[in-house]
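In terms of the numbering used here, the sequence shown opens at residue 9 and continues consecutively. Cβ atoms here follow ideal geometry from the backbone N, Cα and C, with glycine treated the same way.
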Amino acid sequence: MRKLALMLARYFFTVTGRIAPFIAVRVGEKLFTTPFYSKRRDVEFELLQSADRFQIAMDDGRSMQGYRWGNREDPVVLFVHGWTATATCFMSFIDPLLEQGYQVVSYDVIAHGESPGWSVSVSEWADTVVAAMKELGSVECIVGHSVGAGAVIVASSLGLQTRKVVLVSPLTDILEVVERFAQTLSIPDDVVHRMHQYAWEKYHYSASRYGTDWTDIFNSPFKVPTLLIHDIDDMEITVSHARQLVQRWPWAVLHETRRLGHRRILINPGVISSAMDFIVESGPNSAVATERTLLQAG
9 MRKLALMLAR
19 YFFTVTGRIA
29 PFIAVRVGEK
39 LFTTPFYSKR
49 RDVEFELLQS
59 ADRFQIAMDD
69 GRSMQGYRWG
79 NREDPVVLFV
89 HGWTATATCF
99 MSFIDPLLEQ
109 GYQVVSYDVI
119 AHGESPGWSV
129 SVSEWADTVV
139 AAMKELGSVE
149 CIVGHSVGAG
159 AVIVASSLGL
169 QTRKVVLVSP
179 LTDILEVVER
189 FAQTLSIPDD
199 VVHRMHQYAW
209 EKYHYSASRY
219 GTDWTDIFNS
229 PFKVPTLLIH
239 DIDDMEITVS
249 HARQLVQRWP
259 WAVLHETRRL
269 GHRRILINPG
279 VISSAMDFIV
289 ESGPNSAVAT
299 ERTLLQAG
């Protein structure tokens with residue numbers, strides 16, 4: 009069924025790209041910004057039963073479903089999930105952080121989980137980070153995964169009240185991801201170029217807060233101790249994204265893993281231990297000391 013759907017999509021874009029490119033542009037952008045699933049397993053629903061629920065207000069009037077574990081007096085670690093995931097994708101981090109005296113907060117991004125909406129752009133994802141920080145005030149650390157990590161980077165250009173940042177499999181180049189998406193669906197190059205322009209105009213109110221185009225919004229000068237963790241076998245967001253970021257953020261530390269891919273990296277004991285060490289033990293200047301490499305057997 010998936011193979012048939014892919015064949016039909018490729019045929020659609022091949023034909024409309026020639027005779028009605030304006031339709032191809034709009035459909036392509038909509039497909040790229042619409043998550044088609046964000047399901048939870050039974051164990052995740054059980055985890056949510058132990059959470060304190062609260063609403064996070066967005067500037068545009070929408071609200072997102074937030075979740076809190078631990079004592080409200082304890083320092084906060086905020087988690088920002090990635091594409092088609094939900095707040096509970098970080099469940100393996102919760103107990104270790106609670107045991108160390110932290111409070112864990114996460115939320116379902118717009119169009120994911122129990123939050124409203126059908127689609128979301130990377131700039132709107134950054135808006136959710138800004139909204140969460142407005143709700144929480146200062147936090148000890150922000151942990152982001154995938155597009156969520158990219159949203160933290162984008163949002164950081166406005167300033168974030170956090171002492172540390174951990175970015176797992178971070179998106180740092182949205183145009184590269186769009187290009188690979190377009191290649192998969194056989195979207196013509198001229199249509200892809202028009203998709204970039206169309207999306208910038210469509211999301212201009214949100215995106216223009218962070219930069220002048222889809223590349224510029226990732227050029228943040230934000231500087232706090234930062235740990236990057238990325239798998240060299242990640243096929244969804246390649247490790248080149250993290251390597252590019254560590255060049256722009258020389259104060260960041262990059263740990264590379266093997267055979268964990270894009271999602272299993274969030275449940276790997278070595279990755280969780282590495283992130284925990286950084287959150288719990290790192291001082292204000294430790295992230296600029298030296299670059300290390302962590303290779304996991306998977």
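T94 vs R48 beta-carbon contact at 8 Å
For this step, residue 94 is matched to residue 86 along the sequence shown. For this step, residue 48 is matched to residue 40 along the sequence shown. Taking 8 Å as the Cβ cut-off, T94 and R48 qualify as a contacting pair.
Go through the segment 49–99 residue by residue and report every complete run of the alpha helix (DSSP H) that reaches 4 residues or more, in order.
50–57
Taking C-beta to C-beta, are L179 and V155 nearer than 8 Å?
Within the sequence shown, the letter at position 171 stands for residue 179. Within the sequence shown, the letter at position 147 stands for residue 155. Yes.
E122 - DSSP class collapsed to helix/strand/coil
Counting from 1 along the sequence shown, the entry for residue 122 is found at position 114. Three-state result, E122: coil.
Please confirm if the segment 208–216 is in contact with the segment 244–257, defined as three or more CB-CB distances below 8 Å between the two stretches.
no
Which residues bound the alpha helix (DSSP H) around Y115?
Numbered from 1 along the sequence shown, position 107 holds the residue referred to as residue 115. DSSP places Y115 in no alpha helix (DSSP H) but in the uninterrupted beta strand (DSSP E) bounded by Q111 to Y115.
With DSSP run on the structure shown, which of helix, strand or coil describes K210?
Along the sequence shown, one-based indexing puts residue 210 at 202. Looking at K210 - three-state DSSP - the assignment turns out to be helix.
For T136 and V117, believed in contact at Cβ under 8 Å, the rounded distance
For the purposes of this step, residue 117 is identified with residue 109 of the sequence shown, where counting begins at 1. For the purposes of this step, residue 136 is identified with residue 128 of the sequence shown, where counting begins at 1. The pair is a contact, with the Cβ atoms about 5 Å apart (cut-off 8 Å).
Between S164, R80, F20 and G78, which has its C-alpha nearest F226's C-alpha?
Numbered from 1 along the sequence shown, position 218 holds the residue referred to as residue 226. F226 has its Cα closest to that of S164, out of S164, R80, F20 and G78.
Evaluate H27 with the Cβ neighbour count: other Cβ atoms within 10 Å of its Cβ, from every protein chain shown; 16 or more gives buried, anything less gives exposed.
Sequence index remark: in the sequence shown, residue 27 carries index 19 (1-based). Strictly speaking, residue 27 in this sequence is Ile, with His absent from that position. When all chains shown are included, I27 counts as exposed.
Take D45 and list the residues in its own chain whose beta-carbon comes closer than 7 Å to its own, dropping the five residues that flank it on each side.
As a first step, residue 45 is located in the sequence shown; it is residue number 37 there, counting from the start. Checking the sequence shown, residue 45 turns out to be Tyr, not Asp. Here the set comprises T92.
Would you check if the distance between the CB atom of Q108 and the CB atom of G78 is smaller than 8 Å?
Mapped onto the sequence shown, residue 108 falls at position 100. Mapped onto the sequence shown, residue 78 falls at position 70. No Cβ-Cβ contact shorter than 8 Å links Q108 with G78.
S282 to G74 span [Cα, whole Å]:
Position 274 of the sequence shown, counting from 1, holds the residue named residue 282. Position 66 of the sequence shown, counting from 1, holds the residue named residue 74. The straight-line gap from Cα to Cα measures roughly 26 Å.
Using 8 Å as the threshold, is the C-beta distance between R202 and V33 below it?
For the purposes of this step, residue 202 is taken as the residue at position 194 of the sequence shown. For the purposes of this step, residue 33 is taken as the residue at position 25 of the sequence shown. Taking a C-beta distance under 8 Å as the contact criterion, R202 and V33 qualify as a contact pair.
Cβ neighbour criterion (16 or more within 10 Å) applied to S100
Walking along the sequence shown from the start, residue 100 turns up at place 92. Its Cβ having fewer than 16 others within 10 Å, S100 is exposed.
Top-ranked residue by Cα proximity to V185, from F40, P277, A159 and W259:
To locate residue 185, count along the sequence shown from 1; it is residue 177. Ranked by Cα distance from V185, the options F40, P277, A159 and W259 are led by F40.
Residue environment, L303, which counts as buried when at least 16 other CB atoms sit within 10 Å:
The count along the sequence shown starts at 1 and reaches residue 303 at position 295. Interpretation of L303 is limited by its pLDDT of 38, a score under 50 that renders its predicted location unreliable; no figure is taken from the coordinates.
Residue from M15, P29, F20 and I245 whose Cα sits closest to the Cα of L183
In the sequence shown, residue 183 corresponds to position 175, counting from 1. The shortest C-alpha separation from L183 is found at I245.
According to DSSP, simplified to helix, strand and coil, what is R272?
Your numbering for residue 272 matches position 264 in the sequence shown. When DSSP states are grouped into helix, strand and coil, R272 belongs to the helix group.
Go ahead and pull the three-state DSSP assignment for N293.
By 1-based counting over the sequence shown, the position of residue 293 is 285. Legend: pLDDT at N293 = 37, less than 50; position of this residue unreliable, value from coordinates given subsequently. Residue state, collapsed to three classes: coil.
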